[in-house]
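To start, the structure itself, in C-alpha coordinates.
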Amino acid sequence: MVAGIGNIFFGDDGFGPEVVRRLPPHPESAVRVVDYGIRGMHLAYDLLDQWDALVLIDAVPNRGTPGALVVFHTEPDPTSAAPLDAHAMNPDAVFAGVRALGGTVPPTVVVGCQVESVAEGIGLSGPVAAAVDAAVDAVDRVVADLLNTRQEV
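So that you can map any letter, position 134 of the sequence shown is 326 in our numbering, and since no number is skipped, the others follow by simple counting.
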(Lines of atoms letter the chains of each structure in order from A; the text may use other names.)
(Lines give C-alpha, C1' and ligand atoms only; values in the text may rest on other atoms or scores of the structure.)
Protein backbone atom coordinates (compact mmCIF):
# COMPACT_ATOMS: atom_id res chain seq x y z
CA MET A 193 0.00 0.00 0.00
CA VAL A 194 1.32 3.44 -0.97
CA ALA A 195 -0.48 6.24 0.85
CA GLY A 196 -0.12 9.95 0.21
CA ILE A 197 -1.18 11.86 3.30
CA GLY A 198 -1.53 15.53 4.09
CA ASN A 199 -3.80 18.54 3.87
CA ILE A 200 -3.63 20.40 0.55
CA PHE A 201 -5.10 23.50 2.26
CA PHE A 202 -1.98 23.97 4.40
CA GLY A 203 0.81 24.66 1.94
CA ASP A 204 3.60 22.10 2.11
CA ASP A 205 1.40 19.68 4.04
CA GLY A 206 -0.02 18.82 0.59
CA PHE A 207 3.26 17.13 -0.36
CA GLY A 208 1.95 13.54 -0.02
CA PRO A 209 -1.11 14.08 -2.21
CA GLU A 210 1.00 15.86 -4.85
CA VAL A 211 3.52 13.02 -5.06
CA VAL A 212 0.72 10.45 -5.39
CA ARG A 213 -0.86 12.54 -8.14
CA ARG A 214 2.39 12.32 -10.12
CA LEU A 215 3.05 8.61 -9.58
CA PRO A 216 2.40 6.57 -12.71
CA PRO A 217 0.14 3.54 -12.34
CA HIS A 218 2.15 0.67 -10.90
CA PRO A 219 2.41 -2.41 -13.15
CA GLU A 220 2.26 -4.78 -10.15
CA SER A 221 -1.38 -5.45 -9.25
CA ALA A 222 -0.41 -6.01 -5.59
CA VAL A 223 0.57 -2.34 -5.29
CA ARG A 224 -2.24 0.06 -4.45
CA VAL A 225 -1.56 3.82 -4.55
CA VAL A 226 -4.07 6.13 -2.85
CA ASP A 227 -4.23 9.82 -1.94
CA TYR A 228 -5.75 9.67 1.54
CA GLY A 229 -5.34 13.37 2.20
CA ILE A 230 -6.71 13.83 5.71
CA ARG A 231 -8.89 10.69 5.75
CA GLY A 232 -7.10 8.88 8.55
CA MET A 233 -9.94 6.50 9.40
CA HIS A 234 -10.24 5.50 5.74
CA LEU A 235 -6.56 4.54 5.74
CA ALA A 236 -6.99 2.67 9.04
CA TYR A 237 -9.85 0.60 7.61
CA ASP A 238 -7.91 -0.09 4.40
CA LEU A 239 -4.94 -1.30 6.44
CA LEU A 240 -7.15 -4.05 7.87
CA ASP A 241 -6.68 -5.86 4.52
CA GLN A 242 -3.33 -7.31 5.68
CA TRP A 243 -0.84 -5.46 3.50
CA ASP A 244 2.76 -6.70 3.33
CA ALA A 245 4.05 -3.14 3.73
CA LEU A 246 2.95 0.48 3.90
CA VAL A 247 4.72 3.40 2.23
CA LEU A 248 3.61 6.74 3.69
CA ILE A 249 4.35 9.86 1.66
CA ASP A 250 4.14 12.88 3.91
CA ALA A 251 5.47 16.30 4.83
CA VAL A 252 7.80 16.20 7.83
CA PRO A 253 8.76 19.01 10.21
CA ASN A 254 11.57 21.19 8.97
CA ARG A 255 14.69 20.09 10.79
CA GLY A 256 17.18 21.60 8.36
CA THR A 257 16.62 22.35 4.71
CA PRO A 258 13.12 22.83 3.28
CA GLY A 259 12.67 20.45 0.38
CA ALA A 260 15.13 17.87 1.73
CA LEU A 261 13.84 14.31 1.33
CA VAL A 262 14.07 11.70 4.04
CA VAL A 263 13.34 7.99 3.70
CA PHE A 264 13.13 5.90 6.84
CA HIS A 265 11.54 2.80 8.32
CA THR A 266 9.26 3.41 11.25
CA GLU A 267 7.95 1.09 13.89
CA PRO A 268 4.57 2.21 15.21
CA ASP A 269 4.45 2.30 19.00
CA PRO A 270 2.13 -0.61 19.92
CA THR A 271 1.25 1.10 23.20
CA SER A 272 0.36 4.44 21.61
CA ALA A 273 -3.17 5.52 22.42
CA ALA A 274 -3.46 8.48 20.09
CA PRO A 275 -7.06 9.68 19.92
CA LEU A 276 -9.04 8.68 16.86
CA ASP A 277 -10.13 11.57 14.66
CA ALA A 278 -12.15 10.77 11.55
CA HIS A 279 -11.39 14.20 10.08
CA ALA A 280 -7.62 14.41 10.52
CA MET A 281 -4.51 12.58 9.42
CA ASN A 282 -2.11 11.71 12.18
CA PRO A 283 -0.14 8.51 11.51
CA ASP A 284 -0.03 7.63 15.22
CA ALA A 285 -3.82 7.93 15.41
CA VAL A 286 -4.20 5.85 12.23
CA PHE A 287 -1.97 3.12 13.65
CA ALA A 288 -3.87 3.20 16.97
CA GLY A 289 -7.10 2.92 14.98
CA VAL A 290 -5.84 -0.13 13.10
CA ARG A 291 -4.96 -1.83 16.39
CA ALA A 292 -8.30 -0.81 17.97
CA LEU A 293 -10.08 -2.42 15.02
CA GLY A 294 -8.15 -5.66 15.57
CA GLY A 295 -5.61 -5.21 12.78
CA THR A 296 -1.85 -5.16 12.63
CA VAL A 297 0.15 -2.28 11.19
CA PRO A 298 2.42 -3.55 8.43
CA PRO A 299 6.11 -2.67 8.21
CA THR A 300 6.14 1.01 7.28
CA VAL A 301 8.49 3.18 5.25
CA VAL A 302 8.09 6.96 5.21
CA VAL A 303 9.10 9.06 2.22
CA GLY A 304 9.01 12.54 3.66
CA CYS A 305 9.92 16.06 2.68
CA GLN A 306 10.97 18.77 5.09
CA VAL A 307 8.49 21.63 4.90
CA GLU A 308 9.07 25.32 4.50
CA SER A 309 5.56 26.42 5.45
CA VAL A 310 2.32 24.81 6.53
CA ALA A 311 0.48 28.11 6.72
CA GLU A 312 -3.07 28.17 5.39
CA GLY A 313 -3.06 28.26 1.60
CA ILE A 314 -3.06 25.95 -1.40
CA GLY A 315 0.20 25.15 -3.14
CA LEU A 316 3.64 23.89 -2.24
CA SER A 317 6.54 26.23 -1.52
CA GLY A 318 9.29 26.38 -4.13
CA PRO A 319 11.72 24.04 -2.34
CA VAL A 320 9.06 21.42 -1.62
CA ALA A 321 7.60 21.60 -5.15
CA ALA A 322 11.12 21.09 -6.51
CA ALA A 323 11.43 17.88 -4.46
CA VAL A 324 8.31 16.18 -5.83
CA ASP A 325 9.96 14.49 -8.84
CA ALA A 326 12.79 13.17 -6.66
CA ALA A 327 10.16 11.88 -4.21
CA VAL A 328 8.38 10.04 -7.05
CA ASP A 329 11.70 8.35 -7.85
CA ALA A 330 12.26 7.54 -4.15
CA VAL A 331 8.80 5.96 -3.85
CA ASP A 332 9.49 3.86 -6.96
CA ARG A 333 12.78 2.63 -5.44
CA VAL A 334 11.17 1.86 -2.06
CA VAL A 335 8.32 -0.09 -3.68
CA ALA A 336 10.75 -2.01 -5.90
CA ASP A 337 12.86 -2.91 -2.86
CA LEU A 338 9.78 -4.03 -0.92
CA LEU A 339 8.57 -6.16 -3.84
CA ASN A 340 12.00 -7.76 -4.23
CA THR A 341 12.11 -8.51 -0.50
CA ARG A 342 8.64 -10.05 -0.67
CA GLN A 343 9.63 -12.29 -3.59
CA GLU A 344 12.78 -13.50 -1.78
CA VAL A 345 10.77 -14.71 1.23
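Every residue gets a Cβ at the ideal spot worked out from N, C-alpha and C, and that includes glycine.
Taking GLY304 as the centre and dropping the five residues before and after it, the same chain places the C-beta of ASP250, VAL252 and VAL262 closer than 6 angstroms to its C-beta, in chain order.
Residue pairing by DSSP places ILE249 opposite GLY196 and VAL303 in a beta bridge. Between GLY208 and GLY315, the C-beta gap is not smaller than 9 angstroms, which leaves the two residues out of contact. The Cβ neighbour count for THR257, taken over all protein chains shown within 10 Å, is under 16; the residue is labelled exposed. Judged by their CB atoms, ALA260 and MET193 are not nearer to each other than the 9 angstroms cut-off. If the five residues before and after GLU267 are omitted, its C-beta is found closer than 7 angstroms to no C-beta atom of its own chain.
The C-beta distance from GLY295 to LEU240 rounds to 4 angstroms, short enough to meet the 8 angstroms contact threshold. Excluding residues up to 5 positions away in sequence, ASP204, GLU308 and SER309 lie with their Cβ nearer than 6 angstroms to the Cβ of SER317 in the same chain.
Cβ atoms of VAL286 and LEU215 stay farther apart than 8 angstroms, at about 20 angstroms. Going by C-alpha positions, HIS218 is about 8 angstroms away from ARG224. Distance from the CA of ALA311 to the CA of HIS234, rounded to the nearest whole angstrom, comes to 25 angstroms. Of the candidates GLY206, PRO298, LEU248 and VAL297, the residue whose Cα lies closest to the Cα of VAL334 is LEU248.
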